[in-house]
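Visitor: Input: one structure, supplied below.
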Amino acid sequence: MLTLKNISKYYQVGGSKNFVLNNIDLDVEEGEFVSIMGPSGSGKSTLLNIIGMLDQPSEGYHYFMGEGVHLLKEKQRTALYKQYIGFVFQAYHLIDELTVYENIETPLIYQNIKGGERKALVADILDRFNIVGKKDLFPSQLSGGQQQLVGIARALISKPRLILADEPTGNLNSKQGEEIMELFRKLNQEDNVTIIQVTHNEKNAEYGSRIINLLDGKIESIKNI
Amino acid sequence: MFKNYIKTAWRNLLKGKVFNGLNILGLAVAIASSALLLLTVHFQFSYDKFHKNIDNIYQLYFSTNREGVVEKTGSMPVPVTPAIKAEYPEIKNISRLEGGVTTVAYGDKELEESINFVDQDFFKIFTIPVAAGSKTPLVSQNELVITKYVAKALFNNADPVGKMVRMKFGEGYKSFIVSSVIEDFPENSSINADGFIRFENTPGYQQNLKVWDNRNHSVFLSLTDNADPAVFESKLGKFVKAHFKEDLNNLKRDGAKPVANGDLMSLNLASFKDNHFNTEVGGVEGYAVNKTSIIGLLVIAIFILIIACINFINLAVARSFTRAREVGVRKTLGAGKWDLLSQFWTETIMVCLIALAIGIALASVILPYFNANFKSTIKLGMLFHPAQLLTLIGLFLLITVIAGFYPALLMMRYKTVQVLKGSVSTAKPGKVRNILLVVQFSIATLLTICTLITRQQINYVRNKPLGFNKSEVLSIPIDHGLNGAQALQLFRNQVAGEKQIVGVTGAYRNLGLGNDGSTFTSITGFNYKGHEIRSHIYSVSYDYLKTLDIKLLDGREFSKDFASDSNAVLVNQKMASLLQVNKPVGTMVPYDDKHPKKVIGVFADYNFRSLHDKIEPLTLVMDKEFPINYVFVRVRPNSLSASYDFIKEKWHQTFPNADFNASWLEQNTEKQYRNEQRLANIFNSASIIAIFISCIGLLAMSVMVILQRTKEIGIRKVLGASVSRIVLLVSSEFITLVIVAAIIAMPIAWWLMDQWLQNFAYRVSIQWWVFALATLLAVIIAALTISVQAIRAAIANPVKSIKSE
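In order, the protein sequence lines correspond to chains A and B. Numbering-wise (UniProt numbering), the first sequence opens with residue 1 and increments by one. Numbering-wise (UniProt numbering), the second sequence opens with residue 1 and increments by one.
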């Protein structure tokens, strides 16, 4: 599904290059659940952002669903990730001015899906996540766990093939975190959604089928579970 | 998608209530004021455009150049029209037009109406729709054409066509038959009369038929379809040479300069479509308005809109800082550039729509005051005519595009990843923002300086001694139905011996502008010692100098005791100096060829015209040829209002049917500057609005900057900075910009005001402290605006702001 080849990301500081990512090679198959771990500053978030096309590498080849992302224009990249990728953030990043329902609906709007169909899709997912009763609340009226649930629902609404999660449980207590991880596992196993998550937490990392350890911008070790 | 945008927009609006409230308020005020100004401008430019042949209507005027300035006058002698029509086949229609006010009587009803004397062609040249009666009026000399309004006043609901009315000319009455009723003239018509009769009915018509040097009416014409006005105009030189030999000789002798093609006098065409702005030619129809001042209004309207737009942009940019995260999130959810642009545009349109609604409501509230203050006759309904509506919508969309797209584009430049991490790098003070602020405050300071200088000048002309007593003298216009000299005598007798009355006199012309709104100017020219002297001339009654408190320098003033005084003159110092004799009193001056007049007194120069003009030579006569049109009464300085009531009562006793339209000379002289007063009021309101809106923008800006610098401020506080130092730190950046703006505004304001002051012969000089004051004012207001926010930031607990990072 996804191939990174010789991916580097660096900043020019004076005469020398300051590497955030250094020559990363990575393949992710459809249906995998990958956890990326590593200390602060090891480049895990940057790696995730590059995979999600929010950030661009300084060097290297990036293939996604058979297309060379490094060759695409901005617009085409947007079209690509709009279709295949969903994001889940540590800080949830729900839009404060929109209700739960509207937050979940927004990606569909940007995909030009008709109103009736949107309604059905949103109702469906609300039901699945058991948050029908909260659909008219605003993010500020929800707990962290509930917000993250909405965040995931929003990421899933457009039926992405790949979910990128940047420390999805970072702001949650352990019980809430566990629930979210269970949800990810379920999605991965039942719906065959590919998941790549960045985490600090060993326990959460073990929900994945593969753990990649980063250190100073390089892959230090890979562990298959 | 649209619904989603509107929802977000609405909730965003509600979220930043104060912020958006200020924004909307500023925009609404700008919309209200510029709507009123633009309507006024539009109204002024719409003058006379309803005439179908407007492009082919011309007024004849003479140009001469005696004293280095080209004088243009539309006054024509009677024989010009028949002669020119006979000689030039290019003329399709031509009509003379002379104004007049006459008493029109029907049954026992007597109304005073303005009746114009015109030729038959008048109704072919101008578009004047006939509502009833003959479509080709004024075939015969006893026909009368009246407006619907007059018809209603005179005949109520009876059919006016065919009715016989009597009109007063001189002492007697003439009969006329109403042949047509025309629609009332619209507000934006230069030609405005209650009725029309044939030109042959003008008093003295027969005597004037062959007189080429008595100019008293205007002439309008239209040309045949294939005639070129420029070519036609160039042919008129021949006409002048053939018929105005004597004038040309006089001009040559006086060393006048040529005006065109080496000719000393030329006959020209003034296009009637510019009539309303034709302040150059003397004697145009209606009340000519200075085009520059109307364009000034347009500029002010645009200024205010610019300031409001800048505000809008700056506020939106300020807000975008807090909304960067939303943009980032939306981008990760798949929003494209256009999705975001249209979202922000929707928001802008919503804000603008709300502001528009409030603005128009505000305008309708201010409208009566605006019309009263600026002597305007605009209606808000004018906004909804197709042309204006289209302009309005166009302008509206333009503003929303400018104000909505720029901040949106700015927001989209943020790096998504950084925004989501929470570190937006908008800290660098935008050049654009600074430029916009400078533009805003330049305009505001410019308007402030203009306000100050116009106020100074108006105070100056108000308080300058004019050489006569303006506070204790009442001027009473005499009704047209009365004989002036007799009326004056009657009233004199009536109040003779009354304690509070110092003097009573009368004159041909008023001083300043009275409640009747009329001005009379009369200039005489004659040959004296081999050159021509031109002098203002008007008739007065006994005691004129005494009543008006004008200083007599030599000789005596007109007196009842000297029967020969009807052949004597009083002259002012200017005129006396032109006589080139040591002792002017006693000199015989040949005002007309047969009867020279004797100078019996010299009086000090007084400003008998407004302070726009220098004092010119003036001759006062007691000639029967000039009617007495005004009575002047001077009272004792105590209890002026009681004296007013007393005189009013006496007036009504003397003339039971006449109006009492009296005003103090002080009011009259002030009325001469009502245009300037109006301009000053406009500047005043505009500068207040400009400063107000600019400060709203500044407020928002300071909020943004302080938000961005919260951490810095916190750190500085921890390091020991005092509150005042921090306030200074935050304010100094803005204050510098305000001062830069003021410096930019100064030369522009100086130039503008210098131009404007040239209109006055007597004027204040522009002083440096005006500029300093305006700058200081801007700085103080700006400092106050910012410091509210700055102090709040400075006294905040630093622990909080540092932690928040």
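We put the CB at the ideal spot given by N, CA and C, even for glycine. Since the structure is predicted, the reported quantities are computational estimates derived from the model, not experimental observations.
Please list the residues of the segment 12 to 38 of chain B that have a C-beta atom closer than 8 Å to any C-beta atom in chain E, keeping them in chain order.
Guide: Protein chains A and B are contained in the structure displayed, whereas chain E is not.
Visitor: B:D55: buried (16+ other C-beta within 10 angstroms of its C-beta) or exposed?
Guide: exposed
Visitor: Please list, in chain order, all residues of the same chain as B:I748 whose beta carbon is under 7 Å from its beta carbon, the five residues on each side excluded.
Guide: L446
Visitor: Would you tell me roughly how many angstroms separate the C-alpha atoms of residue 226 of chain A and A:D127, rounded to the nearest one?
Guide: The requested residue 226 of chain A is not part of the displayed model; chain A covers only 1 to 225.
Visitor: Run through chain A and tell me which residues come within less than 7 Å of B:I420, C-beta to C-beta.
Guide: First, the residue type needs correcting, since residue 420 of chain B is Leu and not Ile in the sequence shown. Those are F89 and H93, listed as they occur along chain A.
Visitor: Can you tell which of B:N278, B:G172, B:I310 and B:G359 has the C-alpha that lies nearest to the C-alpha of B:I31?
Guide: B:G359
Visitor: Around the C-beta of A:Y11, are 16 or more other C-beta atoms found within 10 angstroms, so that it is buried, or is it exposed?
Guide: exposed
Visitor: Under DSSP, the alpha helix (DSSP H) around A:V100 begins and ends at which residues?
Guide: V100 to Y110
Visitor: Measure from the alpha carbon of B:V317 to the alpha carbon of each residue in B:I735, B:R253, B:E233 and B:T348, then state which is nearest.
Guide: B:T348
Visitor: Let me confirm a value: B:S804 is counted as buried when at least 16 other C-beta atoms fall within 10 Å, else exposed. Which label applies?
Guide: Residue confidence is low: B:S804 scores 46 on pLDDT, short of 50, so the model does not pin down where it sits. No coordinate-derived value is stated.
Visitor: Quick one: give me the first and last residue of the alpha helix (DSSP H) that A:S174 is part of.
Guide: For A:S174, the enclosing alpha helix (DSSP H) starts and ends at S174 to E190.
Visitor: In chain A, which residues lie less than 8 Å from B:R325 when you measure between Cβ atoms?
Guide: Residues of chain A passing the Cβ test: H93.
Visitor: Going along the UniProt domain "ABC3 transporter permease C-terminal" (685 to 798) of chain B in order, which residues come within less than 8 Å of chain A, judged by CB to CB distance?
Guide: none
Visitor: Using three-state DSSP, classify B:M753 as helix, strand or coil.
Guide: helix
Visitor: Taking C-beta pairs closer than 8 Å, name the residues in chain A that B:G336 reaches, listed in chain order.
Guide: K75, T78 and Y110
Visitor: Which residue's Cα is closest to the Cα of B:K252: B:V284, B:E90 and B:H531?
Guide: Selection B:V284, B:E90 and B:H531 evaluated against B:K252 yields B:H531 as nearest (Cα-Cα).
Visitor: Measure the Cβ-Cβ separation of B:I84 and B:F303 and say whether it is below 7 Å.
Guide: no
Visitor: Is there contact here, the segment 456 to 469 of chain B with the segment 641 to 654 of chain B, by at least three beta-carbon pairs under 8 Å?
Guide: The segment 456 to 469 of chain B and the segment 641 to 654 of chain B do not touch, with fewer than 3 CB-CB distances between them shorter than 8 Å.
Visitor: Let me see if you follow: with CB-CB separation under 7 Å, is residue 816 of chain B close to chain A or not?
Guide: The first residue shown for chain B is 1 and the last is 805, placing residue 816 of chain B beyond what the model contains.
Visitor: Taking the straight line between their C-alpha atoms, what separation do you get for B:L737 and B:D254?
Guide: 58 Å
Visitor: Between A:K17 and chain B, is there a C-beta pair that is closer than 7 Å?
Guide: no
Visitor: Can you give the beta carbon distance from B:Y414 to B:A324, rounded, assuming they're within the 8 Å contact cut?
Guide: 5 Å
Visitor: Quick one: Cα of A:N224 to Cα of B:T8, how far?
Guide: Each residue's alpha carbon lies about 45 Å from the other.
Visitor: Got a sec: is the Cβ-Cβ distance from A:P107 to anything in chain B below 7 Å?
Guide: With 7 Å as the cut-off, A:P107 counts as an interface residue toward chain B.
Visitor: Can you give, in chain order, each stretch of the beta strand (DSSP E) that sits fully within the segment 258 to 321 of chain B and has at least 3 residues?
Guide: Qualifying beta strand (DSSP E) stretches, in chain order: 265 to 271.
Visitor: I'd like the ranges of any alpha helix (DSSP H) spanning at least 4 consecutive residues and lying wholly in the segment 187 to 254 of chain B.
Guide: Qualifying alpha helix (DSSP H) stretches, in chain order: 205 to 208, 229 to 243 and 245 to 253.
Visitor: Within the 7 Å Cβ cut-off, does A:K134 reach chain B?
Guide: no
Visitor: Going along the chain, which unbroken runs of the alpha helix (DSSP H) with 4 or more residues stay wholly within the segment 699 to 775 of chain B?
Guide: 710 to 718 and 723 to 757
Visitor: Could you pull the start and end residues of the alpha helix (DSSP H) that B:E87 belongs to?
Guide: Boundaries of the alpha helix (DSSP H) harbouring B:E87: V80 to E87, taken from the DSSP string.
Visitor: Quick one: is residue 226 of chain A near chain B, going by C-beta distance under 7 Å?
Guide: The structure shown does not extend to residue 226 of chain A, since chain A spans only 1 to 225, so no value can be given for it.
Visitor: Return no unless some Cβ of chain A is closer than 7 Å to the Cβ of B:V417.
Guide: yes
Visitor: Is B:T521 helix, strand or coil when you go by DSSP?
Guide: coil
Visitor: Grouping DSSP H, G and I as helix and E and B as strand, with all else coil, what is B:A427?
Guide: Any reading at B:A427 needs caution, since the residue's pLDDT is 49, under 50, leaving its predicted position unreliable; the model's value is listed next. Coil, per DSSP.
Visitor: Report all residues from its chain with a CB closer than 8 Å to the CB of B:K273; omit the five preceding and five following residues, and keep chain order.
Guide: Close CB contacts of B:K273 within its chain, under the 8 Å cut and outside five residues either way in sequence, are with D48, K49, I54, D55 and I57 (chain order).
Visitor: Taking the alpha-carbon positions, what's the B:S364 to B:F370 distance?
Guide: Counting only the Cα atoms, B:F370 lies some 10 Å from B:S364.
Visitor: Taking the continuous beta strand (DSSP E) assigned at B:P477, which residues delimit it?
Guide: V473 to P477
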